[in-house]
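So the protein lines, in turn, are chains A, B and C.
With the first letter of the first sequence counted as 1, position 98 gets the number 98 in this note's numbering; the numbers rise by one all the way through.
Every number in this note's numbering is 1000 more than the matching position in the second sequence, counting from 1.
Every number in this note's numbering is 2000 more than the matching position in the third sequence, counting from 1.
Below: one structure, written as structure tokens.
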Amino acid sequence: MSRTLILGGALSALMVLAALVSFVWTPFDHTAMNIPAKLQTPNAVHWFGTDHFGRDMFSMIMVGARTSIAVAFVAVGIGIGLGVPLGLWAAARQGGWVDEVIMRGNDLIFAFPSLVIAILITAIFGAGAINAIIAIGIFNIPVFARVTRGGALPLWAREFIMAARVAGKGPARISVEHILPNIANLLIVQATIQFSLGILAEAALSYVGLGAQPPTPSWGRMLADAQTLVSIAPHMALVPGFAIIITVLGLNLLGDGLRDALDPRLRVARA
Amino acid sequence: MMLRYALKRLLSLLISLAIASLVIFTVIEVAPGDPASFMLGINAQEDTLAALRTELGLDQTKVQRYLAWVGGMVQGDFGTSYQYRTPVAEMIGDRLWVSLPLALYALILSTLIAFPAGIYAASRRGKAGDIGVMGATQIGVAIPNFWFAMMLVLVFAINLRWFSAGGFAGWDEGIFAALKSLTLPAIALALPQAAILARVMRSALLDVLGEDFMRTARAKGLSRGQALRRHGLRNAMIPVLTILGLQFSFLLAGGIIIEQVFYLPGLGRLIFQSISARDLIVVESVTMLLVFAVIVVNFAVDLAYAAVDPRLRART
Amino acid sequence: MSLLEVKNLSLSIQGTPILQDVSLTVAPGEVVAVTGESGSGKSMTALAIMQLLPDGSETTGAVDFDSEDVTRSTEARMCALRGNNIGMVFQEPMTALNPVQTIGAQVGETVQLHRPDLDAETRTVEVLERVGLAGISPRRYPHELSGGQRQRVVIAIAIACGPKLLIADEPTTALDVTTQAQILDLLVQLAQEDGMGLLMITHDLAVVANMAHRIVVMQNGAVVEAGDTPALLKAPKHPYTKALFAASAHQATLPDQTAHQPLLQVRGVVRDYTLPRTRLFAPPGTHRAVDNVSFDIPRGGRVGLVGESGCGKSTLTRAILGLEPVQAGEILLDGQPVFASGAPNLSVRRKMQVVFQDPYGSFNPRHRVSRLITEPFHLLETPPADRAARIAEALSAVGLSPDDAHKYPHQFSGGQRQRLAIARALIIRPELIVFDEAVSALDVSVRAQILDLIADLCGQYDLTYLFISHDLSVVRGITDQVMVMQHGMIVEQGDTNDVFDAPKHPYTQTLIEAAPKLPRTGS
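So this is what it looks like as structure tokens:
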């Protein structure tokens, strides 16, 4: 395993672990206000300091990890669940009207500035985690459709697919049996990338107040709270900022590491 | 050839615009709440409500309203704000002169940083310089731009006092003052995008370096650097252009958030104010305008492709 | 006095030895061929002379060009030599040219680089004319030219500055046989006229036999034999050389078989492809890939189909296999249509199988052999009860072990994979097998074995097959009947020996004329 893969895996695992542990244990109650202890810089009691209400930031980061991970995870799920079948279908009907409609539809979604539409959706249907998930998830669909189709097209030209067709297998069966396993690598790598983008998007939406609503903690809203206080309590901005950077960095490194580890060309070279 | 290609892309641009306007209109239509009762408050009389609805055109059928909206936009009439009773076009006009220059400023910065960084990394593949640049871009990609904006304010506005922490000087104050107040926002927008662009540039170049024609170029007697500049760059530009086009849309949209951090009177502020005031006609028009900008940029990218790649011109 | 003298050249790339003690010479005006099978190190030898080796290469020994050891030259010095004193032509003309630059710019660049005293534009026109592209504007882009024309452009780049040595690495492998003959003639002619040394790298002995003054045979990174062409052809000394010649000239012996009533009937088949619209509202044009083709294959018949790339033979194959509908005519197997009422006919399909060209691409890399070769069972209504026995039988029939059923395709060599492909075709005991360029990607010695295997199986299973190939010499040994296809039409068909010995159609005559032949060897 490469160092990239180990480092990326470790950082990602750290955040998932923080989110999981937060269900059973946090150092403090993340909602408990303690005004006398407000705006403390990181210290032995409050490892990441306290915010303007005296809440323990370490606990908030742990619980906030849940929100970020859950939103990004479901959004990626939407993208895979709808995008991959569409991509497979388009590739199986390459050049036909199905392909044309799916790919033009994709282009159309790409033409919308994603953040603007996410803002529009959450603004109109109400701010909240569910609408944030939908808004982010919609834009994952064309990404996965395109990656799937792009990976599937060269496979359709391969002779083992021809052999399967000569063996009487239909496009649906070939897509599931032969195409999907051979593009799984691509999809896994893309999923980690979209996961990290989802975390960034969730943070941006909560920052402008359109993501998860109080009392559900989120990293983006912690940053919004920090904005007016950044000159007197920089740690309030630094802590959630680093949490986001470390998570996204970890996921990106994991994606890069997986791509190298799963690339069959590299594997053949090593074998 | 080129003209036919351009016409074909233009047709697809118009279709995209038509569908986009329909989608936006539908989303706004299904939005809960009646603008008229929102504007007049819950105690409004039924007949005043009806009068206002007629004034706003809300009593017409959906099809009529859609056609009126699109027809108006084509003539530069974006309707009248429910909240301020002023033409939306005017409201947008002022704000556009903040948001558009900001996106362009950031795009230029991003390109100026990313191209040299990507080319440098590709030419030093696997060596310390490459690893350094790639490590930096890995972090750059992970930084949320609005957080980076806060850090810039903390360091350069609050501590060093080189820039003001927010607000826009206005173009009347002179181009220098205006650009100065856009500089921190542009940097905040540009750096994470530059990191992405540099990575794309590098990998596009490395892909091209493996091509047979690069070996032909070396067999001609070109040095590595000459072959890269004369034969590699233009071929590598094809994927890079795609990303540049996408980035403009990111930068426009990202600007909406960055404007919040720096209190810039741009389209982002307008859209948030309108959302909270349920001034849906403004939201609708600003969204459509942004979509229009993105689609037009993609059209320009398509034309740029054809300029770079003669095979595309032939395919039409 | 040699122009090029490679002395005891050894090469390793990242610790893996590639070349061992390679020595060869090229004199001015001399054509020297380096030949050998894949992995013999012949291309690496060429790259070592150019000093264009991959990163992590280490060489010992010397490469003296014009009395200068280029392994010790600086990179700047090599840049001055490459393109100016040494030109190089590569295998793949489709990708060897920069797609976004005009051909004139690419030829002219060499001139500007090395000969600033010349007017690059004038010189470009001259050189393009010399390589036989007189009518082609220098302002064309590579994608507007055919493969043969592109290879001429690559040659023009290589000779633009009048080099003393021209290295050609498999320059005709990617080209059709008629184009190949023209390009070979051009290379030899240029070498003679300019007194250039020509170092030809090729896997095809027949190609070099007619043109090279001397032949160098390589195996596993070492030179096993070198000598003047006539002497070497007459009396090869090294066992590997002998084996190579034997394999190249190998003809499988087909058992006699009596042909019965027709099994496959192709009647007036037409296959059109829709072209992309050239104008927005004009109806799209069509390309007729297969034009009114009719023929029969009798039960027990062994029929060849030859033609150059783009002649429509692959399209015809797909139509016969029932993978694509045809626009007119009908294809009947055993009296039943292969493609009925808009869908492939499964009961007919199970009567035929196919073996493809690429031994690397024809298996899903993620499945085991047992699953791969039983894929055709999908065509049966009920899978056979004796599945394991059928697998063992099919594997044994193609000379593999029944234990191989548990392995993955990457654990087999190219030749073994082609055996697997044949096993997959045999497993449902089809009545017709289509061999689609089935031996084209194989080295000569492996090819000879696979051809023998097919001949063997003919005896055991009373096979009926259609053997499609661009390679005339292969078709000759493995078929009773042959058809020649050009521009979507079958221009000649008849008994294989008759067609080869006395071709009637001018196109067949050109094809047979152009095909490189290996002279009778002494062994």
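C-beta: ideal position from N, C-alpha, C; glycine also.
DSSP state of A2160 (chain C) mapped onto helix, strand, coil:
Indexing the third sequence from 1 puts residue 2160 (chain C) at position 160. Reduced to three states, the DSSP call for A2160 (chain C) is coil.
Inter-residue Cα distance where the pair is A269 (chain A) and H2410 (chain C):
Position 269 of the first sequence, counting from 1, holds the residue named residue 269 (chain A). Position 410 of the third sequence, counting from 1, holds the residue named residue 2410 (chain C). Low per-residue confidence applies at A269 (chain A): pLDDT is 37, beneath 50, and the placement is therefore not dependable enough to give any value.
Could you pull out every residue in the same chain whose Cβ sits closer than 6 Å to the Cβ of V2355 (chain C), ignoring the five residues on either side in sequence?
The sequence position of residue 2355 (chain C) within the third sequence is 355, counting from 1. Answer for V2355 (chain C): A2421, I2422, A2425, F2435, A2438, listed in chain order.
For P2298 (chain C), write down the residues that DSSP places opposite it in a beta bridge.
If you number the third sequence from 1, residue 2298 (chain C) lands on position 298. DSSP output for P2298 (chain C) lists C:P2262 as bridge partner(s).
Quick one: which chain B residues come within Cβ less than 7 Å of S114 (chain A)?
Counted from its first residue, the first sequence places residue 114 (chain A) at position 114. Those are A1253, listed as they occur along chain B.
From the beta carbon of T2074 (chain C), is the nearest beta carbon of chain B less than 8 Å away?
Indexing the third sequence from 1 puts residue 2074 (chain C) at position 74. Closer than 8 Å: no.
Could you compute how far the alpha carbon of I2086 (chain C) sits from the alpha carbon of D256 (chain A)?
Numbered from 1 along the third sequence, position 86 holds the residue referred to as residue 2086 (chain C). Numbered from 1 along the first sequence, position 256 holds the residue referred to as residue 256 (chain A). I2086 (chain C) and D256 (chain A): Cα-Cα distance of roughly 41 Å.
For L266 (chain A), I'd like the list of residues in its chain whose CB is within less than 8 Å of its CB, leaving aside the five on either flank, ordered along the chain.
Numbered from its first residue, the first sequence carries residue 266 (chain A) at position 266. Annotation note: pLDDT 45 at L266 (chain A) (below 50); position unreliable, coordinate value reported separately. Taken in chain order, the residues that qualify are D260.
Using a cut-off of 8 Å between C-beta atoms, extract the partners of L1154 (chain B) located in chain A.
As a first step, residue 1154 (chain B) must be located in the second sequence, where it is residue number 154. In chain order: V230, S231, P234, A237.
In the DSSP assignment, the alpha helix (DSSP H) including P1185 (chain B) goes from what residue to what residue?
To locate residue 1185 (chain B), count along the second sequence from 1; it is residue 185. Looking at the DSSP string, the run of the alpha helix (DSSP H) that includes P1185 (chain B) is 1175–1209.
Three CB pairs or more closer than 8 Å across the segment 2474–2488 of chain C and the segment 2167–2178 of chain C:
no
Got a sec: which bits of the segment 141–163 of chain A sit with their beta carbon under 8 Å from any beta carbon on chain C, in order along the chain?
R158, E159, F160, M162, A163
Among B:V1240, B:L1290, B:V1297, B:L1252, which residue has its Cα nearest to the Cα of P1185 (chain B)?
The count along the second sequence starts at 1 and reaches residue 1185 (chain B) at position 185. Per the Cα distances, B:L1252.
Helix or strand or just coil, what does DSSP make of D2169 (chain C)?
On the third sequence, residue 2169 (chain C) is found 169 positions in, with the first residue counted as 1. In this structure, D2169 (chain C) counts as strand in the three-state DSSP scheme.
Less than 8 Å between the CB atoms is what I'm expecting for V76 (chain A) and N140 (chain A), so what's the real figure, rounded?
The residue you call residue 76 (chain A) lines up with position 76 of the first sequence. The residue you call residue 140 (chain A) lines up with position 140 of the first sequence. Contact flag correct, Cβ pair sits at about 6 Å.
Under 8 Å (Cβ pairs) to chain A, residues found in the segment 1259–1272 of chain B
Q1260, V1261, I1271, F1272
Taking Cβ positions, are V2303 (chain C) and F2467 (chain C) nearer each other than 8 Å?
For the purposes of this step, residue 2303 (chain C) is taken as the residue at position 303 of the third sequence. For the purposes of this step, residue 2467 (chain C) is taken as the residue at position 467 of the third sequence. Yes, they are a contact pair.
Straight-line Cα distance separating V1074 (chain B) from Y1263 (chain B)
As a position in the second sequence, residue 1263 (chain B) is number 263, starting the count at 1. As a position in the second sequence, residue 1074 (chain B) is number 74, starting the count at 1. In a straight line, the C-alpha of Y1263 (chain B) is about 31 Å away from that of V1074 (chain B).
C-beta neighbour in chain A for Q1138 (chain B), strict 8 Å:
Walking along the second sequence from the start, residue 1138 (chain B) turns up at place 138. Yes - at least one Cβ of chain A is within 8 Å of the one on Q1138 (chain B).
Give the interface partners of T2095 (chain C) over in chain B, defined as CB-CB distance under 7 Å, in chain order.
Within the third sequence, the letter at position 95 stands for residue 2095 (chain C). Going along chain B in sequence order, the residues near T2095 (chain C) (Cβ under 7 Å) are E1211, D1212, F1213.
Does any CB atom of chain C fall closer than 8 Å to the CB of G96 (chain A)?
On the first sequence, position 96 is the one that residue 96 (chain A) refers to. False, the Cβ-Cβ gap to chain C never drops below 8 Å.
What does the Cβ neighbour count give for S2396 (chain C), buried or exposed, with the cut at 16 atoms within 10 Å?
Here residue 2396 (chain C) refers to the residue found at position 396 when the third sequence is read from its first residue. With fewer than 16 Cβ atoms within 10 Å of its Cβ, S2396 (chain C) is classed as exposed.
Would you say A167 (chain A) faces chain C, with C-beta separation under 8 Å as the test?
Residue mapping note: residue 167 (chain A) aligns to position 167 of the first sequence, counting from 1. Yes, because at least one Cβ of chain C sits closer than 8 Å to the Cβ of A167 (chain A).
Just tell me which of C:T2016, C:L2166, C:L2118, C:G2162 has its CA closest to the CA of E2030 (chain C).
Residue mapping note: residue 2030 (chain C) aligns to position 30 of the third sequence, counting from 1. It is C:L2166.
For the segment 2095–2119 of chain C, list every residue whose C-beta sits within 9 Å of some C-beta in chain B, in sequence order.
T2095, A2096, L2097, N2098, P2099, V2100, Q2101, T2102, Q2106, E2109, T2110, L2113, H2114
Any idea what DSSP makes of P1310 (chain B), helix, strand or coil?
As a first step, residue 1310 (chain B) must be located in the second sequence, where it is residue number 310. Note: P1310 (chain B) maps to helix in three-state DSSP.
Around the Cβ of Q1083 (chain B), are there at least 16 other Cβ atoms within 10 angstroms (buried) or fewer (exposed)?
Locating residue 1083 (chain B) in the second sequence gives position 83, counting from the first residue. Classification of Q1083 (chain B): buried, given that the 10 Å Cβ count is 16 or more.
Tell me whether L11 (chain A) is buried or exposed, calling it buried when 16 or more other Cβ atoms sit within 10 Å of its Cβ.
Here the question's residue 11 (chain A) lines up with position 11 in the first sequence. With 16 or more other Cβ atoms within 10 Å, it is buried.
Chain C beta carbons: is any one of them nearer than 8 Å to that of G1221 (chain B)?
For the purposes of this step, residue 1221 (chain B) is identified with residue 221 of the second sequence, where counting begins at 1. Taking Cβ atoms only, chain C reaches closer than 8 Å to G1221 (chain B), which makes this a yes.
Using a beta-carbon distance cut-off of less than 9 Å, what residues from the segment 1172–1206 of chain B approach chain D?
Among the protein chains in the structure shown, which are A, B and C, there is no chain D.
What three-state label does DSSP hand T2253 (chain C) in the structure shown?
Position 253 of the third sequence, counted from the start, is the residue given in the question as residue 2253 (chain C). T2253 (chain C): coil per DSSP, three-state reduction.
Along the beta strand (DSSP E) that carries G2061 (chain C), what are the first and last residues, could you check?
Mapped onto the third sequence, residue 2061 (chain C) falls at position 61. Start and end: 2057–2065.
Please specify which runs of the alpha helix (DSSP H), each continuous and at least 4 residues long, are wholly inside the segment 16–93 of chain A, giving them in chain order.
57–92
Measure the CB-CB distance between G1245 (chain B) and N1298 (chain B) and report whether it falls below 8 Å.
Taking the first residue of the second sequence as position 1, residue 1245 (chain B) is located at position 245. Taking the first residue of the second sequence as position 1, residue 1298 (chain B) is located at position 298. For G1245 (chain B) and N1298 (chain B), yes; Cβs fall inside 8 Å.
Could you work out which residue in C:A2392, C:P2325, C:T2202 is closest to G2039 (chain C) when comparing CA atoms only?
Working through the third sequence from its first residue, we reach residue 2039 (chain C) at position 39. The residue with the shortest Cα to Cα distance from G2039 (chain C) is C:T2202.
Residue span of the beta strand (DSSP E) that contains I2433 (chain C), given as start and end
Here residue 2433 (chain C) corresponds to residue number 433 of the third sequence, with the count starting at 1. Segment 2432–2436, the beta strand (DSSP E) holding I2433 (chain C).
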